[in-house]
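When you line the sequence shown up against the numbering used here, it's residues 9 to 642, in that order.
Using N, Cα and C, we set each Cβ at its ideal position, and we do this for glycine too.
Contents: one structure, followed by commentary.
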Amino acid sequence: MEKKKLDVNSIIGFALIFGILVYMMYTNQPSAEEVAEQEKAKQEQVEAEKQAVKQNETVVTTADDFSTGNAQDSTQLVALKNKLGSFAYSATLPSATSNETEVNTEVLDLKFSNKGGYLSEVKLKEFVDYDSIPIYLIKDANTNFNINFGTSDSRILNTKDLYFEPTVTKNGENTVVSMKLKVSDQQFLEYRYEIQPNNYMVDFTIRSQGLSNVINSTQPINLNWQLDTYRHDKSISYENRYTRLTYQYNGSKIDKLSPTGEDEEIESDVNWLSYRQHFFSSILISKTPLKSVQLNSTDLVENEDIDTVFTKSYQAKFALETTAGELNQNLGFYFGPTDNKVLQKYDIGLEDSIPFGWGIFGWINRYVFVPLFAFLAGFLPYGVAIIVMTILIKFLLSFVQYKQFLSQAKLKVLKPELDAIREKHKDNKMKAQQETMALQNKAGASPLSGCLPALIQLPVFYALFQFFPSAFDLRQKSFLWADDLSSYDVVADLPFTIPFYGDHVSLFPILASIAIFFYMKMTTGQQMASQPTQEGMPDMAKLMKYMIYLSPLMMLFFFNNYASGLSLYYFISNLISIGIMLVIKNYILDEDKIHAQIQVNKKKPKKQNKFQKKMADMMEQAEQQKQAQEKRKK
């Protein structure tokens, strides 16, 4: 937790403000006559308020008022009925208090409030946060669960203000909590919760009995669920980046609200909506698609440098449907980890709420990296599993790196000839470009052959960038000096905060930055050596030289507050890339052999493909047009 300190400027500022306040209080003191008049006015106001209370205090909210005789029975009951109508009956029952009903399972501790009938506390028993405090998804009134409805006698009521009668029963091994908002013993609105042992899912049904003439079904009956999400991770900025409202709609489509600022959306045919808190989620599931849902997300982290209790405020609002004037809505709640293998068990697509990436990136994560890492972590320490997984990935992509390096080596061998062509046609760039392409085509050394292998690697790199922040298995797993691979490692605490960097030093990002520096120095040098000399090259060389230093520096700042598991991956990945390049350069590629092979290729007739032929034709036409223009000028 961050220690807050006052600097000298703050102390001086507070002293000045205090002095000004003292001066103002002294100069604005009322006279003795004014004080007497104020006291008299206060006494008159108190007497008036007492009289108003005696005349208007007729509302009773609990059964205790009736049983103890504190109520003026008939008068207060009439006032209560005037306020609540038919639902006044619920306020006269013994359950009309703010007591809670508690149910415990192997994985959940749940509390249900009599007032409002909703889940007032949800504790995940198997997990703790970064400070060893138990994980609570709902606690201390951070949620608002309410049904707003009209009555046949023109009242507008909210279930959050009304008292439910709790009943706990058993249905086989399951525990059933029934919360009934009663009009009479046979007429009620019921919240029915069914809790299974060792399960994060809670079946939830909203139904009514005998209320078709009590609830006005011609008006919208709106359910509103609002939740402020607690902070659970050490790095609030990192956690907040992956805390988002995600939902499934129109069968299997997935969308999400913005992780920053305030975002709102109205969506139709919603199957479920997830209040994701990075590694933990509160999910509302509907057995039948909700026709229209209004979703809202607000970022509550205004300053990431100070301690914050909450990260996001989520809200969902939708109308409940009635049949013959009665409610019967089958829903469900999931309160648990945002863990792929746990969410998959429910077979309703909840695992899609995990941000594995879109399109091919998500596909690579789900079907390659997630099962691969799960297999390795099954018998290896998690840090070692990351290293082994990185080695396997780099080994599979080594042929791509070889193709890329081979292309650069061929261009390096051709560089003297390419420079000669440019010098020969320095006054005719179009002609120089034609002969350059022709030579590269004959030698089989097109620059595109070096770009394409690099493009093949991009989906893999991006998929892994999405994988590590979402890997629940890394949470609170240690490796070497890192206490938690899902959060940043700390080797030194700073007595001050560096903008964009933080108040600590993480070692894995430093190692990754060093590895990136040497890798870029090697690749940039090879690339510059293979490029033909041309106008503008000195500026380009200077820019690439700056990038050698800028990229590692950006890595250092960007990843200092990121998961140490991700920095470990980048460190090992770049280390292996350096090793592969050294092996290819010193033991596999022979520039003399490459040069000899190029000379052989140049003598062979080379058939152009359609793209090359089209490019050559276009350049030929451009050259002819240029020559024609020059003739007309003459």
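(message) Looking at the secondary structure, which residues open and close the beta strand (DSSP E) in which P345 lies?
(response) According to the DSSP assignment, P345 belongs to the beta strand (DSSP E) that extends over E334 to P345.
**Report entry** Every unbroken alpha helix (DSSP H) within the region 78-161, with a cutoff of 4 residues, ordered by chain
**Finding:** 81-92
Helix, strand or coil: how does DSSP classify L281 here? strand
Could you work out which residue in G357, F343, A490 and D137 is closest to N206 when comparing CA atoms only?
For N206, the nearest C-alpha among the options comes from F343.
Checklist entry - Touching or not, the region 519-533 and the region 576-589, by the rule of three or more beta carbon pairs under 8 Å? => result Judged by Cβ distances under 8 Å, the region 519-533 makes contact with the region 576-589, as three or more pairs qualify.
Ordered list of alpha helix (DSSP H) runs contained in the region 167-253, each at least 4 residues: 244-249
*Please list the segments of the alpha helix (DSSP H) lying wholly inside the region 288-312, counting only runs of 4 or more residues, in order along the chain.*
Taking only runs of at least 4 residues, no alpha helix (DSSP H) segment lies wholly in the region 288-312.
Q. Can you check whether the CB of I146 is closer than 8 Å to the CB of L335?
A. no
Checklist entry - Whose C-alpha, out of D360, I394, T531 and L564, is nearest the C-alpha of I262? => result D360
task = State the beta-bridge partners of D271 as determined by DSSP.
result = S305
- [ ] Look up F504 in the DSSP assignment and say whether it is helix, strand or coil.
- [x] Residue state, collapsed to three classes: strand.
query: What first and last residue would you give for the beta strand (DSSP E) that runs through F326?
result: F318 to A327
Exercise. Specify whether the region 246-256 and the region 264-284 touch according to this definition: at least 3 beta carbon pairs, one from each stretch, less than 8 Å apart.
Key: yes
Here's the rule I'm using: 16 or more other beta-carbon atoms within 10 Å means buried, otherwise exposed. How should L358 be labelled? buried
message = Here's a check: name, in chain order, each residue in its chain whose Cβ is nearer than 8 Å to the Cβ of L328, leaving out the five neighbours to either side.
response = I155, I214, I229, N230, L231, L335 and Q337
Spatially closest choice to S176 from Q285, A324, E110 and W489, by CA coordinates: Looking at the sequence itself, residue 176 is Val, so the reference to Ser does not match. The option with the nearest alpha carbon to V176 is E110.
Could you tell me which of Q204, Y238, Q195 and T237 sits nearest to Q217, measuring between CA atoms?
Q195
By the DSSP assignment, the beta strand (DSSP E) with I262 in it spans what residues? K261 to K264
- prompt: Can the beta-carbon of N568 be found less than 8 Å from the beta-carbon of S245?
  reply: Cβ distance not < 8 Å, so N568 and S245 don't count as in contact.
Would the region 386-405 count as touching the region 269-284 if we require 3 or more Cβ pairs under 8 Å?
no
Residue range of the beta strand (DSSP E) that includes G510:
G510 to V513
Whole angstroms are fine: how far does the CA of P517 sit from the CA of M555? Looking at the two C-alpha atoms, the distance is approximately 18 Å.
ask   = If you run the structure through DSSP and keep just helix, strand and coil, what is Y578?
value = helix
- In angstroms, rounded to a whole number, what distance separates the CA positions of N258 and R200? 27 Å
Among residues of its own chain, excluding the 5 on either side of T306, which ones have a beta-carbon nearer than 6 Å to its beta-carbon? E270 and S321
### Message
At 3 residues or longer, what runs of the beta strand (DSSP E) sit wholly inside the region 459-487?
### Response
none
I need the DSSP call for S361, collapsed to helix, strand or coil. helix
Give the straight-line distance between the Cα atoms of D241 and V350, rounded to the nearest whole angstrom. 20 Å
* Asked: Count the other CB atoms within 10 Å of the CB of I164; is the residue buried (16 or more) or exposed (fewer)?
  -> exposed
_chain B within 8 Å of I214, Cβ atoms only_ = Note that chain B does not occur in the displayed structure, where there is just one protein chain.
request  = Measure how close the beta-carbons of L118 and L127 come, nearest whole angstrom, since I'm counting them as under 8 Å.
outcome  = The beta-carbon distance between L118 and L127, rounded to whole angstroms, is 6 Å. This is short enough to meet the 8 Å contact definition.
Taking W371 as part of the alpha helix (DSSP H), name the residues at either end of that continuous run. G367 to I372 is the span of the alpha helix (DSSP H), which, as asked, contains W371.
Requested in this report: Tell me, please, whether the region 167-183 touches the region 294-304 by the rule of three or more beta-carbon pairs shorter than 8 Å.
Outcome: Inter-segment contact for the region 167-183 and the region 294-304 is absent: fewer than three beta-carbon pairs are separated by less than 8 Å.
Exercise. Under three-state DSSP, which class holds A490?
Worked result: strand
Item checked: Distance between F383 and P345 (C-alpha atoms, nearest Å) -> 20 Å
(request) Using only alpha-carbon positions, find the residue among F326, L482, Q323 and I399 that is nearest to A385. (result) L482
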